[in-house]
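The structure under discussion appears below in the form of structure tokens.
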Amino acid sequence: MPRPVHWSRRGRDAIRARLSGRGQQSEMLESLLAFGGLVLLRDSIEWEGRDFLKALIKQSALCGEQIHVLGCEISEEEFREGFDSNINSRVVYHDLFRDPLNWSKNEAFPRGPLEALRAMCRPTDLRPVTIALDSLSWLLLHFPCSTVCQTLHALCRQGDSSPVERVNVLGLLHEELHAAGPLGALSSLAQIEVTLDGTMGRTSAHILYRKPRHRPAHQVDPTAHLTFNLRLSKKERETRDSLTLPFQFSSEKQQALLCSEPSQASSHIFYEPDAYDDLDPEDPDDDLDI
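So in this note's numbering the end of the sequence shown lands on 318, straight run, no missing numbers.
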């Protein structure tokens, strides 16, 4: 079930102030970053989510993680506003805002932003990596949804094939700009979804955690270490088929019964009573008048 988290103050600055505090809010932010994978931040025109994204980035920096930001919608100066020097020193900002179409042939993005995005998760150490996309909507408006989803899937799976401890991908998504198809595709990739809304100026963050997907485990062959053979050789199979089982009425048994002499077929029962046998000389069926 979605988990609602409420902010008691109003406005963007109030949200930033509450998120930057400690206690329950800090524990909630840590829980969002604990699983790895894609964390989808769904906002709207009325309820903007960039401050929530920056709060997660700050929490990652305080935990000593590697942080890369792909900035598309606002300038680097505006994005870094509100961070202290310690946080800003840990954030590597990849600026797409000044030259989104790469007209100046920016060497940082020779093959485009998606290729740069893939390169961000080639770690130089084993610390967890946080990649923030500001925004995922910008990428969807410039590239096919299938290509973006494949890139996100590759990013989230980097932790499985590399020695890095964990990879978090934070994607800010303006859901009002997209149809149900792209929203559903991104939702299926997300490990956690955070939807921002509210009433009467009070912002709520509805958080949906998904259970980790179980992958099929490699099963050991149960017949690998048996002390007996489950399969017969050709010679063993022929020997087994030539045997006559006791319950089988073979032609040899039939001939033996038909050709047997009467003396051989008759039998007698001899019984000698024991001293302690309780013998009743009366007929037990006498009262039946048989």
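Cβ coordinates follow ideal geometry from the N, Cα and C atoms, glycine included.
Under the three-state reduction of DSSP, which class applies to residue i: helix, strand or coil?
| i | result |
| --- | --- |
| L84 | helix |
| D314 | helix |
| I95 | strand |
| R108 | helix |
| I159 | strand |
| D71 | strand |
| D306 | coil |
| L154 | coil |
| D123 | strand |
| S54 | helix |
| S48 | Interpretation of S48 is limited by its pLDDT of 40, a score under 50 that renders its predicted location unreliable; no figure is taken from the coordinates. |
| I102 | coil |
| E280 | helix |
| C173 | helix |
Within the present structure, is the beta-carbon of residue i separated from the nearest heavy atom of the ligand FAD by less than 8 Å?
| i | result |
| --- | --- |
| C91 | Absence of the ligand FAD is noted for the structure shown, with no ligands found whatsoever. |
Can the beta-carbon of residue i be found closer than 9 Å to that of residue j?
| i | j | result |
| --- | --- | --- |
| R155 | E93 | yes |
| I85 | A160 | yes |
| I102 | F125 | yes |
| F111 | K82 | yes |
| L224 | L69 | yes |
| D123 | E104 | yes |
| V176 | L142 | yes |
| L164 | L214 | yes |
Which residues does DSSP list as the beta-bridge partners of residue i?
| i | result |
| --- | --- |
| G140 | BP columns for G140 are empty, so no partner. |
| L66 | V197, A218 |
Contact the stretch 194 to 214 vs the stretch 171 to 185: 3+ CB pairs below 8 Å: At 8 Å Cβ cutoff, the stretches touch.
Three CB pairs or more closer than 8 Å across the stretch 204 to 220 and the stretch 91 to 105: Counting Cβ pairs under 8 Å, fewer than three are found: no touch.
Minimum length 4: unbroken alpha helix (DSSP H) runs contained in the stretch 196 to 273: Correct list: 208 to 217, 262 to 270.
Given 8 Å, three or more beta-carbon pairs between the stretch 108 to 126 and the stretch 260 to 278: Contact fails: fewer than three Cβ-Cβ distances are below 8 Å.
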